[in-house]
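*Asks:*
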Amino acid sequence: MTEREMVRAILEHTEYLRRNHLPYEGFEIMQTKWCARILLELCQRTPQRFGELKRAMPEISNVVLSSALKTLVERGVVVRTQFNEIPPHVEYDLTEKGRGMLTVIYEMIRWEERYASPPQP
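In case it helps, our numbering puts the sequence shown at residues 1404 to 1524.
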């Protein structure tokens, strides 16, 4: 999509934006530090257990991972399935809504590669 086409598409949604302000829910989900990373991990292989996600992101604490997953489940982006087996376990998977956010993450990555300043040592 060219810039001109994108601007036209945004302008077509101005009435929606006037009524609802910005697309707040998407911004809120993406502003949480770990949510985008969790979505990226889940898109690579789903479903995943808590421990698998934790191993993929060793820099996140158990409490923060649990909280972020809870937020994503509450927002309908991730589904949590509990298996009452021996031993009991839980799996996390993307919902259709969650898979829809992957295009946003992809575009953010492309923007970062093109415009972001390199990290300072």
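Every residue gets a Cβ at the ideal spot worked out from N, C-alpha and C, and that includes glycine.
Mind reading off the beta-carbon distance from L1468 to K1457? Whole number of angstroms is fine, and I expect it under 8 Å.
*Replies:* 6 Å
*Asks:* Along the beta strand (DSSP E) that carries R1483, what are the first and last residues, could you check?
*Replies:* V1481 to F1486
*Asks:* Is it right to say W1514 is buried, meaning 16 or more other beta carbons lie within 10 angstroms of its own, or is it exposed?
*Replies:* exposed
*Asks:* Confirm, please, whether the CB-CB distance from T1449 to L1497 is below 8 Å.
*Replies:* yes
*Asks:* For the beta strand (DSSP E) that contains E1494, what are its first and last residues?
*Replies:* H1492 to L1497
*Asks:* Give the range of the alpha helix (DSSP H) segment to which A1439 is assigned.
*Replies:* C1438 to Q1447
*Asks:* For the segment 1492-1511 and the segment 1460-1480, state whether three or more C-beta atom pairs, one from each stretch, are separated by less than 8 Å.
*Replies:* yes
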